[in-house]
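Enquirer: Sending over a structure as structure tokens; questions will come in a sec.
Residue numbers (my numbering): 962 to 1148.
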């Protein structure tokens, strides 16, 4: 594994933890990260430029630490993913005012390439009230799939879609050739 992602992805997660768990949550996150080895911590993440490239191995490690912080509850990890788009001013302005869910799906592959050096996000389906995105060549961790499902729901929230839901219908960690995310909403 040699890929990277942008530090901006981490920034939204640290904001979420600080908002939900306060400074105690950040202290506990730092303790968990230290126990896992390495020198990654919330303060170093916050000091990074949003465009800085961070190895995907550290992204997985960070999500594993967040899962421990959330008492091994994947629903809480998905909730963190769902809040991430709301913590990005650019996402809120660009998507919230100018795009429908179908418009976001149309542009999703290009947006993926701006944030991740590996993996190919592609459109499987883009119809009224339902879309499917596929992700191939990206077998890092099932936790990434859980987080992304929440993230896709959060993007739908920003576009003001109603009753947004996302579920993973195929997963490379369960033997599929690629991961597939089904996103549904009402107008």
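Cβ atoms here follow ideal geometry from the backbone N, Cα and C, with glycine treated the same way. Nothing here was measured: the structure is a model prediction, and the numbers come from that model.
Taking the alpha carbon of residue 1099 as the reference point, which residue from 1138, 1120, 1085 and 1064 has its own alpha carbon closest?
Expert: For the purposes of this step, residue 1099 is identified with residue 138 of the chain shown, where counting begins at 1. Residue 1099 has its Cα closest to that of 1138, out of 1138, 1120, 1085 and 1064.
Enquirer: Can you grab the Cα-Cα spacing for the pair residue 999 / residue 1122, in whole Å?
Expert: Counting from 1 along the chain shown, the entry for residue 999 is found at position 38. Counting from 1 along the chain shown, the entry for residue 1122 is found at position 161. Taking the straight line from one Cα to the other gives about 40 Å.
Enquirer: Pairing CB atoms from the region 1100-1114 with CB atoms from the region 1025-1040, are three or more of them under 8 Å?
Expert: yes
Enquirer: How far does the beta strand (DSSP E) with residue 1010 in it extend, from its first residue to its last?
Expert: Taking the chain shown and counting its residues from 1, the one referred to as residue 1010 is at position 49. From DSSP, residue 1010 is part of no beta strand (DSSP E); its letter is neither H nor E.
Enquirer: Between the C-alpha atoms of residue 1095 and residue 1021, what's the straight-line distance to the nearest angstrom?
Expert: Walking along the chain shown from the start, residue 1095 turns up at place 134. Walking along the chain shown from the start, residue 1021 turns up at place 60. If you draw a straight line from the Cα of residue 1095 to the Cα of residue 1021, it comes to about 20 Å.
Enquirer: With respect to the alpha helix (DSSP H) encompassing residue 1116, which residues constitute its N-terminal and C-terminal limits?
Expert: What you label residue 1116 is simply residue 155 of the chain shown in a count that begins at 1. Annotation for residue 1116: the continuous alpha helix (DSSP H) segment containing it runs 1103-1119.
Enquirer: With DSSP run on the structure shown, which of helix, strand or coil describes residue 1001?
Expert: Within the chain shown, the letter at position 40 stands for residue 1001. Coil at residue 1001, not helix or strand.
Enquirer: State the Cα-Cα distance for the pair residue 1086 and residue 1066, rounded to the nearest angstrom.
Expert: Taking the chain shown and counting its residues from 1, the one referred to as residue 1086 is at position 125. Taking the chain shown and counting its residues from 1, the one referred to as residue 1066 is at position 105. Between residue 1086 and residue 1066, the C-alpha separation is close to 9 Å.
Enquirer: Can you find the residues in the same chain that come closer than 6 Å, C-beta to C-beta, to residue 1126, ignoring five residues on each side of it along the sequence?
Expert: To locate residue 1126, count along the chain shown from 1; it is residue 165. Cβ within range, chain order: 1145.
Enquirer: Whose C-beta lies closer than 8 Å to the C-beta of residue 995 among residues of the same chain, with five residues either side of it excluded?
Expert: To locate residue 995, count along the chain shown from 1; it is residue 34. Answer for residue 995: 1002, listed in chain order.
Enquirer: Kindly list the residues whose CB is nearer than 6 Å to the CB of residue 1014, restricted to its own chain and excluding five residues on each side of it in sequence; keep chain order.
Expert: In the chain shown, residue 1014 corresponds to position 53, counting from 1. Closer than 6 Å at Cβ, skipping near neighbours: 965.
Enquirer: Is the CB-CB distance between residue 991 and residue 1007 below 9 Å?
Expert: Sequence index remark: in the chain shown, residue 991 carries index 30 (1-based). Sequence index remark: in the chain shown, residue 1007 carries index 46 (1-based). For the pair residue 991 and residue 1007, the CB atoms are not nearer than the 9 Å cut-off.
Enquirer: At the level of alpha carbons, what is the spacing between residue 974 and residue 1088?
Expert: In the chain shown, the residue the question calls residue 974 occupies position 13. In the chain shown, the residue the question calls residue 1088 occupies position 127. If I take the Cα positions, the gap works out to 31 Å.
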